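From first to last, the protein sequence lines stand for chains A and B.
In terms of the numbering used here, the first sequence is residues 1 to 313.
In terms of the numbering used here, the second sequence is residues 1001 to 1601.
Idealized CB from N, CA, C, for every residue including glycine.
Note that the coordinates shown come from a computational prediction; the quantities given were computed from them, not determined experimentally.
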Amino acid sequence: MIEIRDISKSYDDGASKALSGISMRIDDGRVFGLIGTNGAGKSTLMRIMSGVIRPDSGNVWYDRRQFFRVSGRTGRVSGEDTALKTDICFLPDSWNFPLNATPAECAHRFQLFYQNFNEERFRKMMQTVGLDLSRPVRTFSRGMRKETSMLLGLCAGTRYLFCDEIFDGLDPVVRQAMKSLVAEEMVDRNFTPVIASHNLRELEDFCDHVGLLYKGGVLLSEELENMKLSIHKVQFVLRDKGREDELCRNLDVLQCRKRGSVMEILARGSADDIMQTVRSEDPVFAEILPVTLEEAFIGETEVNGYDFNSLFS
Amino acid sequence: MTSTVSFRKELRDNMRERIWLFAIILAVGILLLPVAVFLEIQDASLESVHSNIVDAFRQTAGLQSGYMGAAVSVAAGMASVSGFSWLGSQERNDLMHSLPVSRERIFAVIYTSGAVLCIAPYLICQIFAALVVPLVNGCFQGALAVEGLKAAAFFILAFLSVYSVFCLGMILSGRTGLGAALGIFILVIGPAVYWLVTILIHVNFSTVLIAGNSFQWMLSPVALAVSGPGKDFSTWAAVVGLAVWAVACLILDCRIYAMRPSEKAGSAFIFRWISPVLQIILMAFGGFGLGLMFGYYNSTSPSYALFITGAAVGCLVVWIISELVFYGKIRHFRKKCRLIAGAFGGTILIFLMFALDPLHVDQRIPDADHVQAMGLWSDSLDYLYMTTNDTSGTEYREFDERISDVLITDFEPMYEMAQEAASSQDAESDIYQSNHTEEAGTNVLIDIGWKLKSGRMVYREYSVSDASLEKMWDDYRDSDEFDENYNPFRKISVSDIHSVSVYSTTDADDNTEFLDLDEGEKQELVDALAEDFRTSRPKELLQSYYQVALDINEWSENTKDPLMNITVYDSYKNTMAFLQSHGAAEVLNTLNTDETVSAGA
Chain A
1 MIEIRDISKS YDDGASKALS GISMRIDDGR VFGLIGTNGA GKSTLMRIMS
51 GVIRPDSGNV WYDRRQFFRV SGRTGRVSGE DTALKTDICF LPDSWNFPLN
101 ATPAECAHRF QLFYQNFNEE RFRKMMQTVG LDLSRPVRTF SRGMRKETSM
151 LLGLCAGTRY LFCDEIFDGL DPVVRQAMKS LVAEEMVDRN FTPVIASHNL
201 RELEDFCDHV GLLYKGGVLL SEELENMKLS IHKVQFVLRD KGREDELCRN
251 LDVLQCRKRG SVMEILARGS ADDIMQTVRS EDPVFAEILP VTLEEAFIGE
301 TEVNGYDFNS LFS
Chain B
1001 MTSTVSFRKE LRDNMRERIW LFAIILAVGI LLLPVAVFLE IQDASLESVH
1051 SNIVDAFRQT AGLQSGYMGA AVSVAAGMAS VSGFSWLGSQ ERNDLMHSLP
1101 VSRERIFAVI YTSGAVLCIA PYLICQIFAA LVVPLVNGCF QGALAVEGLK
1151 AAAFFILAFL SVYSVFCLGM ILSGRTGLGA ALGIFILVIG PAVYWLVTIL
1201 IHVNFSTVLI AGNSFQWMLS PVALAVSGPG KDFSTWAAVV GLAVWAVACL
1251 ILDCRIYAMR PSEKAGSAFI FRWISPVLQI ILMAFGGFGL GLMFGYYNST
1301 SPSYALFITG AAVGCLVVWI ISELVFYGKI RHFRKKCRLI AGAFGGTILI
1351 FLMFALDPLH VDQRIPDADH VQAMGLWSDS LDYLYMTTND TSGTEYREFD
1401 ERISDVLITD FEPMYEMAQE AASSQDAESD IYQSNHTEEA GTNVLIDIGW
1451 KLKSGRMVYR EYSVSDASLE KMWDDYRDSD EFDENYNPFR KISVSDIHSV
1501 SVYSTTDADD NTEFLDLDEG EKQELVDALA EDFRTSRPKE LLQSYYQVAL
1551 DINEWSENTK DPLMNITVYD SYKNTMAFLQ SHGAAEVLNT LNTDETVSAG
1601 A
């Protein structure tokens, strides 16, 4: 389990605040999606969790072990627990090995530091996706570099894999293949991927838990299933148009939209309760529609006073 | 065991990435060491340059090789840049600092790798230069191996000290070019400040003299490496200086790297305060540079107004350049006005401290209670016993070296003369101007040195009237210590005299007579010269007529047949009598005894 407690981070000597007192929890064995706009603080948080950069305040706990050492004299972070880092592999959004290196050399480098790195498996996977182990990475496309990076991370054998916008630039087939590999990995061993992205649709069918960052803070952090179970979209037409407002008042409505005669509302509550309330108004028709992750977020963020569209515009 | 094995593997991995560095150092090292030594040995055997092979080796690949010092400095720069250039890349920071390895270990691997890649090829080349090449040429000596070992130890230490400084520059910056420049800045700032202070003293003070000393070399490991142990400091002093630089910078490297923020990749500097501090120092140098150029363009009448103008322009220009280099653009000019004004103000303040001399440094001399010994020298004194056109028998020596040879503890008359000269020194006067009056006579420029009880030397240069000089000389009439130190003929060792010849300076036929003297007669001649000099006075000698000169041929270890020319004044009665009676009659008979032309005007 990863616990992030009151992490704050500024750049440019305090001029630019990237994270402001962030706290969240990431359970083992779950795919955690870290969502936010550009500049929300996703990459900063990932780098802090990997030990690449150090927070101004706060700490990260891995299975109740403190990750950052804090100087008693100055109160500032003075280093990380290197032993804990053997369980962490960080894949940033850009290729970070020397461009003249070949995938084989990169694997060799990873093997020096990650004792559980499975070089044989890496070779097989590279061959499966059709990438040449002996070709310099500078001849690879952006997508091919991401594939290589992802395979290196998966074969590192670490408990935690932090991927920063790793699916960007991948074609749909490869993207799906990567997701499958992650799922396989989770079945085979104790493995927890944390995926950062600004694309809600990409993570919708993949993540178990999502955390939404906005301007350095956490807007929400919740199980996706719970979110979907507790929010439903209902489309209906009432015989008595005058009863529409009354109906909306009887439900915990997050969003309400009208297209001609048809009302579409996003409401919090169980499906049965919502339908019972709607049917009590004798509708011409009423049905429950699937809720997307994006729609689920709409309610949560707009209730908190944020214009969801402006968050992702 | 696991940790050690892993360190070795990481080291090997890093070295493999930079194996090109080893190749370059080896290629250059072959040329600078075994090939150069081979060529020098060839010359030495032909007796064209050096008298022995060890000396040839010492100047080519040994401790006196200046270009080896420069070469190790360049190698150090290459090693540090190639090892730490990745610090400017956010992507590489993401990789290196996310790996399960401590910052200290990362630094240790890279630092060690760079050192091994440079030191290993150097040692290979040095072994070839000191052992293989001489063996192949059949001229190997044990002394060569000793010289090779000493040089290897010295230049490895020099490399490590310069390397540590360059690494510090790279670590303090988030950009490769700027990091290398910062390393160079740290290496030159010490000598640059010393040099600037020396110039300010030279242009503003008329009496203060700055002697070469080991302190200036200690200000930079490059200076120590390039100059090598020499006349200004011993080998051990150089070794200690280099060791201090190496250890101090290595500690700083480790500490700063461990706390270096990764997010500073791409930034000019990792700490905010570095930029203004650097800019202030650079602006000060720019201000002084242009200020001195404007203000002292006419050295005889410097202008403070022009200096201030030049300083202002220099500060501004340097600030603009530094902003462009550090940030690529000029930012916040209004906010930076205070910085520029501060640098300008500091420059003017420092300059005024020298120009106005509020502490009267130019007029001050050390307290007599603090003085252990004193000495003086003047180029005019050289004329007292040498002809003006041939000083090939003596090598040029700086004033501090001259004075250190003639320090005496009975310094009271000398101190009084210096006191009088200092108190009469006008801040506006130029001591280099000729100052002749009928009453005072001619002034002589004298360099005076005080050796304080603390061991420190203080030097001044004064324009002393010949009356003062005469008085001092008179006061030392009966002083054996003064005679031993200032009578040049007391320092001649008869065993060094090979032959003596006499000639007349006025003889158009240039007749020279060689005197056939045994050891006893040579001693007699030297004693006669010494006695004649002792009873004479500088003014008298400078105004004396002379027609005779002696050539004394000395044998010396390093030189062949140097000549010492001695002016034999008409007042040198003892010497003249000796020459008359020992085979120089023919030359003496050609002298014109009626003329009494003054030789010094």
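When we look at the beta-carbon of A:LYS9 and count the other beta-carbons within 10 Å, is it buried (16 or more) or exposed? Residue 9 of chain A sits at position 9 when you count from the first residue of the first sequence. Here A:LYS9 is buried. Its C-beta has 16 or more other C-beta atoms within 10 Å.
Cβ contact check for the region 1191 to 1206 of chain B and the region 1287 to 1306 of chain B: 3 or more pairs under 8 Å: When C-beta atoms of the region 1191 to 1206 of chain B are compared with those of the region 1287 to 1306 of chain B, three or more pairs fall below 8 Å, so the two segments count as touching.
B:ILE1350 and B:MET1374 look like a contact to me (Cβ under 8 Å); what is the Cβ gap, rounded to whole Å? The sequence position of residue 1350 of chain B within the second sequence is 350, counting from 1. The sequence position of residue 1374 of chain B within the second sequence is 374, counting from 1. About 31 Å separates the two Cβ atoms, so there is no contact after all.
Would you tell me roughly how many angstroms separate the C-alpha atoms of B:VAL1193 and B:SER1220, rounded to the nearest one? Here residue 1193 of chain B corresponds to residue number 193 of the second sequence, with the count starting at 1. Here residue 1220 of chain B corresponds to residue number 220 of the second sequence, with the count starting at 1. When rounded, the distance between both Cα atoms is 11 Å.
Please state whether DSSP places A:VAL291 in a helix, a strand or coil. Here residue 291 of chain A is taken as the residue at index 291 of the first sequence, counted from 1. DSSP places A:VAL291 in coil when its eight states are reduced to three.
Nearest by alpha-carbon distance to B:ARG1670: which of B:ASN1485, B:ALA1180 and B:ASP1475 is it? Nothing about residue 1670 of chain B can be read from this structure; chain B reaches only from 1001 to 1601.
Per DSSP, the bridge partner or partners of A:GLY351: Lying before the first or after the last residue shown, residue 351 of chain A is absent from chain A, which here runs from 1 to 313.
May I ask which residues mark the beginning and end of the alpha helix (DSSP H) holding A:HIS108? For the purposes of this step, residue 108 of chain A is taken as residue 108 along the first sequence, with counting starting at 1. Note, A:HIS108: alpha helix (DSSP H), 103 to 113.
Give the single residue among B:THR1300, B:ILE1365, B:MET1015 and B:PRO1276 whose Cα lies nearest to the Cα of B:CYS1118. Stepping through the second sequence from its first residue, residue 1118 of chain B is reached at position 118. With distances taken between Cα atoms, B:CYS1118 lies closest to B:MET1015.
So, at 6 Å on beta carbons, what are the nonlocal neighbours of B:THR1391 in its own chain, with the 5 sequence-adjacent residues on each side left out? Residue numbering aside, residue 1391 of chain B sits at position 391 when the second sequence is read from its first letter. At B:THR1391, the pLDDT of 40 sits below 50, so the modelled position is not reliable; the number obtained from the coordinates is stated separately. Nothing meets the Cβ criterion.
Could you compute how far the alpha carbon of B:ASP1357 sits from the alpha carbon of B:TYR1304? Locating residue 1357 of chain B in the second sequence gives position 357, counting from the first residue. Locating residue 1304 of chain B in the second sequence gives position 304, counting from the first residue. Cα-Cα distance, rounded: 14 Å.
If we require 4 or more residues per run, which alpha helix (DSSP H) segments fall completely within the region 1087 to 1112 of chain B? Taken in chain order, the complete alpha helix (DSSP H) segments of 4 residues or longer contained in the region 1087 to 1112 of chain B are 1090 to 1098.
Which value, in whole angstroms, describes the spacing of the CA atoms of B:ALA1601 and B:SER1495? To locate residue 1601 of chain B, count along the second sequence from 1; it is residue 601. To locate residue 1495 of chain B, count along the second sequence from 1; it is residue 495. With a pLDDT of only 35 at B:ALA1601, under 50, the local geometry of the prediction cannot be trusted, and the value read off the model is given with reservation. Each residue's alpha carbon lies about 37 Å from the other.
Please report the straight-line C-alpha distance between B:ALA1181 and B:LEU1278, rounded to a whole angstrom. What you label residue 1181 of chain B is simply residue 181 of the second sequence in a count that begins at 1. What you label residue 1278 of chain B is simply residue 278 of the second sequence in a count that begins at 1. Roughly 12 Å between the two C-alpha positions.
N- and C-terminal bounds of the alpha helix (DSSP H) containing B:HIS1202: On the second sequence, residue 1202 of chain B is found 202 positions in, with the first residue counted as 1. First-last of the alpha helix (DSSP H) with B:HIS1202: 1176 to 1204.
Looking at the C-beta of B:HIS993, does it have a partner C-beta in chain A at a distance below 8 Å? Missing from the structure shown is residue 993 of chain B; chain B here goes from 1001 to 1601 and no further.
Got a sec? Which residues, its chain only, sit under 7 Å from B:VAL1411 by beta carbon, not counting five neighbours each side? Working through the second sequence from its first residue, we reach residue 1411 of chain B at position 411. Note on residue identity: the sequence assigns Phe, not Val, to residue 1411 of chain B. So the list reads VAL1371, ALA1373 and MET1374, once near-sequence residues are dropped.
Are the region 1330 to 1347 of chain B and the region 1310 to 1317 of chain B touching, with three or more C-beta to C-beta distances below 8 Å? Segments in contact, yes.
Work out the CA separation of B:ASP1253 and A:GLY58 for me, nearest whole Å. Locating residue 58 of chain A in the first sequence gives position 58, where the first residue counts as 1. Locating residue 1253 of chain B in the second sequence gives position 253, where the first residue counts as 1. If you draw a straight line from the Cα of A:GLY58 to the Cα of B:ASP1253, it comes to about 27 Å.
Under the rule that 16 or more other beta-carbon atoms within 10 Å means buried, what is B:SER1581, buried or exposed? Taking the first residue of the second sequence as 1, we reach residue 1581 of chain B at position 581. Flag for B:SER1581 reads exposed.
At which residues does the alpha helix (DSSP H) containing B:ALA1373 begin and terminate? Residue mapping note: residue 1373 of chain B aligns to position 373 of the second sequence, counting from 1. Per DSSP, B:ALA1373 belongs to no alpha helix (DSSP H); it is in the beta strand (DSSP E), 1371 to 1377.
Coil, strand or helix - A:VAL253 by DSSP: As a first step, residue 253 of chain A is located in the first sequence; it is residue number 253 there, counting from the start. Of the three classes helix, strand and coil, the one that applies to A:VAL253 here is strand, per DSSP.
Using only the alpha-carbon positions, how far apart do B:ASN1298 and B:PHE1307 sit? Taking the second sequence and counting its residues from 1, one reaches residue 1298 of chain B at position 298. Taking the second sequence and counting its residues from 1, one reaches residue 1307 of chain B at position 307. Spanning the two alpha carbons is a distance of roughly 11 Å.
Against B:LYS1329, what residues of chain A qualify as contacts under a CB-to-CB distance less than 8 Å, listed in chain order? The count along the second sequence starts at 1 and reaches residue 1329 of chain B at position 329. By Cβ distance, chain A contributes nothing, its closest Cβ being about 16 Å from B:LYS1329, past 8 Å.
8 Å Cβ shell around A:ALA177 - same chain, five flanking residues per side excluded: For the purposes of this step, residue 177 of chain A is taken as residue 177 along the first sequence, with counting starting at 1. Within the same chain, A:ALA177 has close Cβ partners VAL129.
One question on the structure: do B:LEU1452 and B:VAL1444 come within less than 8 Å of each other, judged by their Cβ atoms? The residue labelled residue 1452 of chain B in the question sits at position 452 within the second sequence. The residue labelled residue 1444 of chain B in the question sits at position 444 within the second sequence. In this structure, B:VAL1444 does not lie closer than 8 Å to B:LEU1452 by Cβ.
Residues of chain B with a CB under 9 Å from the CB of A:ARG109: which are they? Position 109 of the first sequence, counted from the first residue, corresponds to residue 109 of chain A. The answer, in chain order, is ASP1013, LEU1095 and LEU1099.
Taking a contact to mean a Cβ-Cβ separation below 8 Å, would you say A:ASN96 touches A:CYS155 in this structure? The sequence position of residue 96 of chain A within the first sequence is 96, counting from 1. The sequence position of residue 155 of chain A within the first sequence is 155, counting from 1. Taking 8 Å as the Cβ cut-off, A:ASN96 and A:CYS155 do not qualify as a contacting pair.
Starting from the C-beta of B:ASN1226, find all residues in its chain whose C-beta is less than 6 Å away, skip the five residues before and the five after it, and write them out in chain order. Sequence index remark: in the second sequence, residue 1226 of chain B carries index 226 (1-based). It should be pointed out that residue 1226 of chain B corresponds to Val in this sequence rather than to Asn. The answer, listed in chain order, is GLY1066, GLY1069 and ALA1070.
Measure from the alpha carbon of B:ALA1368 to the alpha carbon of each residue in B:SER1378, B:GLU1416, B:LYS1573 and B:ASN1052, then state which is nearest. Along the second sequence, read from residue 1 onward, the residue named residue 1368 of chain B stands at position 368. The shortest C-alpha separation from B:ALA1368 is found at B:GLU1416.
Following the continuous alpha helix (DSSP H) through B:ASP1532, name the residue where it begins and the one where it ends. As a working note, residue 1532 of chain B is residue 532 in the second sequence. Counting along the chain, the alpha helix (DSSP H) containing B:ASP1532 begins and ends at 1519 to 1535.
I believe B:ARG1103 touches B:ALA1258 by the beta-carbon criterion, under 8 Å. Please report the beta-carbon distance rounded to the nearest angstrom. Residue mapping note: residue 1103 of chain B aligns to position 103 of the second sequence, counting from 1. Residue mapping note: residue 1258 of chain B aligns to position 258 of the second sequence, counting from 1. About 5 Å; that satisfies the 8 Å criterion.
Determine the extent of the alpha helix (DSSP H) in which B:PRO1221 is found, giving its start and end residues. For the purposes of this step, residue 1221 of chain B is identified with residue 221 of the second sequence, where counting begins at 1. From DSSP, the alpha helix (DSSP H) with B:PRO1221 extends over 1221 to 1227.
A:PRO193, enclosing beta strand (DSSP E) - first and last residue: Numbered from 1 along the first sequence, position 193 holds the residue referred to as residue 193 of chain A. A:PRO193 -> beta strand (DSSP E) spans 192 to 197.
Does the Cβ of B:THR1512 have 16 or more other Cβ atoms within 10 Å, making it buried, or fewer, making it exposed? Translated into the one-based positions of the second sequence, residue 1512 of chain B becomes position 512. Label assigned to B:THR1512: exposed.
Taking B:ALA1115 as the reference, which of B:ILE1025, B:LEU1039 and B:PRO1302 has the closest Cα? For the purposes of this step, residue 1115 of chain B is taken as the residue at position 115 of the second sequence. Comparing Cα positions, the closest option is B:ILE1025.
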